[in-house]
Amino acid sequence: MAHVPSRQRGSQIGEGCSATLCHALLWPGGSYRVRRHGKLELAFPASLGTIAQRLDYNFEMGLGHSHPDEEWPGVTLNYRISEEPARARFRRWLEFMEASSWDDIHPVKKDKK
9 MAHVPSRQRG SQIGEGCSAT LCHALLWPGG SYRVRRHGKL ELAFPASLGT IAQRLDYNFE
69 MGLGHSHPDE EWPGVTLNYR ISEEPARARF RRWLEFMEAS SWDDIHPVKK DKK
């Protein structure tokens with residue numbers, strides 16, 4: 009997990025964002041994790057920067073190395089550092105967005121016929 013050394017915290021790092029944004033770290037669960045709630049408001053301004061606008065977030069870390077767990081149906085394991093949890097979260101979010109009613113997703117997604 010990478011972060012900005014303490015001597016650089018609070019310094020300005022381009023686009024007017026504080027280096028304290030680096031406390032919003034990339035973590036094994038995927039995407040950003042915020043250590044302190046007060047830093048959360050820095051995530052949005054960082055997304056307005058030139059590079060952040062030009063490039064998509066990449067959630068491919070560990071892709072192709074996962075496998076289903078026979079003891080826990082529906083659970084996918086990946087013993088490498090990966091963004092499998094983030095992909096699962098966004099996959100589930102998409103199911104919610106595409107569902108026509110709660111019956112399609114709650115308590116378990118039913119097979120579409």
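As numbered in the working numbering, residues 9 to 121 make up the sequence shown, in order. Built from N, CA and C at the ideal position, the CB exists for glycine as well. What you are looking at is a predicted structure, and each value in this text was computed from that prediction instead of being measured.
Taking C-beta atoms as the reference points, R95 and F67 count as a pair closer than 8 Å. DSSP, read as helix, strand or coil, puts L56 in coil. DSSP links P81 through a beta bridge to no other residue. Straight through space, the alpha carbons of F104 and D111 are spaced by roughly 11 Å.
Only residues of its own chain outside the window of five on either side were considered, and among them none has a CB closer than 8 Å to the CB of S108.
When the five nearest sequence neighbours on each side are left out, the beta carbons in the same chain lying within less than 7 Å of the beta carbon of A60 are those of A54, in order along the chain. The residues E103, F104, A107, in chain order, have a CB closer than 7 Å to that of I113 in the same chain once the five nearest residues on each side in sequence are set aside.
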